[in-house]
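These notes concern the structure reproduced below.
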Amino acid sequence: MLTIKSAEEIEILRENAILVSKTLAVVGKEVAPGVTTAHLNKVAEEYIRDNGAVPGFLNYEGYPYTLCVSVNDVVVHGFPSKYELKEGDIVSVDCGTIYKGFTGDSAYTFPVGEVSPEVAGLLRTTEESLNRGAAAARVGNRIGDIGYAVQSYCEQAGYSVVRDLVGHGIGKRMHEDPMVPNYGHAGRGKKLVSGMVICIEPMINMGKKDVYVERNGWGIRTRDGKCSAHFEYMVAILDQGPQILTTYDYIQNKKNL
Ligand code: MF3
Ligand code: CO
């Protein structure tokens with residue numbers, strides 16, 4: 181189901197996006213060596229509920245936590261656990277909300293302390309590819325233009341794009357049509373129209389693109405065991421251009437919580 185949102189609905193989606201953005205920043209302040217990923221989950225759940233919303237992932241198709249916390253070779257959908265973060269790790273935090281009948285969904289990958297220059301490059305490239313993908317989300321463009329923007333930028337830098345999971349439309353439900361792959365051909369796929377709201381979420385691997393599902397049925401890991409990064413924005417496609425509803429300004433200290 182593909183739904184076109186009214187201006188009022190987009191404002192509620194923006195409220196969800198901002199609450200998720202703030203939650204990611206609150207979680208990010210806790211990220212440090214020795215902290216468990218379960219602690220991050222607890223902090224996020226409390227913050228979301230304190231703000232009158234409900235965690236969007238908890239119980240979604242049986243998912244048992246508020247956050248997906250994916251360390252190093254875990255691409256996405258990592259379970260929070262007793263694992264203690266250590267210096268040099270990277271940790272993708274993916275968070276969702278339900279508020280005023282709509283949903284929010286965004287992610288950010290944090291470095292834990294100092295990371296190697298190679299890993300820092302992966303984070304920088306993945307975030308930049310997301311910005312390029314969002315810039316391609318314009319009325320009249322096609323879905324393939326977004327994937328092409330992400331893929332071409334990441335591959336020229338020597339990284340690979342995960343194919344097994346994709347971005348998506350978002351609205352009253354977290355996953356709506358269309359699917360938004362992080363790979364593709366310019367000028368191909370569904371036309372983008374005003375009032376669509378989508379999640380663009382590149383999952384970019386340092387090594388090869390191949391992944392497998394962990395035995396818990398959720399966690400997705402790289403086959404070669406190398407690191408993977410994940411960033412996700414909610415983007416409204418408007419006549420005046422793409423509007424990124426998510427903001428990393430709270431994380432990057434450009435805005436106070
Ligand atoms: N951002 C992820 C997605 O769009 C969130 C997974 S939610 C979960 O698929 F609840 F399924 F874990
Ligand atoms: Co998503």
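Heads up, the sequence shown is in this note's numbering, so the first residue is 181 and it goes up one at a time. C-beta: ideal position from N, C-alpha, C; glycine also. Here the structure is a predicted model, which means the values were calculated and not measured.
Problem - Terminal residues of the alpha helix (DSSP H) in which H219 lies - result: 217–230
Practice task
Per DSSP, which residues does D285 bridge with? Please list them.
Solution key: G276
Handout entry: Host alpha helix (DSSP H) of S332 (start-end)
Key = 323–336
Handout entry: Nonlocal neighbours in the same chain, by C-beta distance under 8 angstroms from G281, ignoring five residues either side
Key = I192, K352
Practice task
Could you tell me if the beta carbon of G347 falls within a distance shorter than 7 angstroms of some heavy atom in the ligand CO?
Solution key: yes
Exercise for the section: At 3 residues or longer, and completely inside the stretch 233–261: list those beta strand (DSSP E) runs for me, N to C. Expected result: 247–251, 254–256
Exercise for the section: Just grab the DSSP bridge partners of T402 for me. Expected result: V391
Exercise for the section: Use the C-beta contact count for F271: other C-beta atoms within 10 angstroms, 16 or more gives buried, fewer gives exposed. Expected result: Residue identity differs from the one stated: residue 271 is Val in this sequence, not Phe. By the neighbour-count rule (16 or more Cβ atoms within 10 Å), V271 is buried.
Problem - At least 3 beta-carbon pairs within less than 8 angstroms: the stretch 384–393 vs the stretch 238–251 - result: no
Handout entry: Rounded distance between the beta-carbons of E308 and Y333, thought under 8 angstroms
Key = 7 angstroms
Exercise for the section: Report yes if the CB atom of I378 is closer than 8 angstroms to the CB atom of I424, and no otherwise. Expected result: no
Practice task
State the Cα-Cα distance for the pair Y243 and V319, rounded to the nearest angstrom.
Solution key: 34 angstroms
Problem - Member of T183, A187, Y288 whose CA lies at the smallest distance from the CA of E412 - result: Y288
Handout entry: Which of helix, strand or coil DSSP assigns to N385
Key = strand
Exercise for the section: Just mark P297 as buried or exposed, buried being the case when its beta carbon has 16 or more other beta carbons within 10 Å. Expected result: exposed
Practice task
Mind reading off the beta-carbon distance from G236 to T183? Whole number of angstroms is fine, and I expect it under 8 angstroms.
Solution key: Not a contact, Cβ separation roughly 17 angstroms.
Handout entry: Distance CB(D274)-CB(M414) smaller than 8 angstroms
Key = no
Problem - C-alpha distance - A337 paired with T305, whole-angstrom precision - result: 8 angstroms
Handout entry: Beta carbon of G327 nearer than 8 angstroms to that of P361
Key = yes
Handout entry: DSSP three-state assignment for K266, whether helix, strand or coil
Key = coil
Exercise for the section: Apply the 10 Å Cβ neighbour rule to R229 and answer buried if 16 or more other Cβ atoms are within range, or exposed otherwise. Expected result: exposed
Exercise for the section: With a 10 Å radius around its C-beta and 16 neighbouring C-beta atoms as the bar for buried, classify L373 as buried or exposed. Expected result: The residue you asked about is not Leu; residue 373 is Val in the sequence shown. By the 10 Å Cβ count, V373 comes out exposed.
Exercise for the section: Determine the closest residue to P382 out of N196, G397, N311, A366, with distance taken between C-alpha atoms. Expected result: N311
Practice task
Tell me whether the beta-carbon of E267 lies closer than 8 angstroms to the beta-carbon of T216.
Solution key: no
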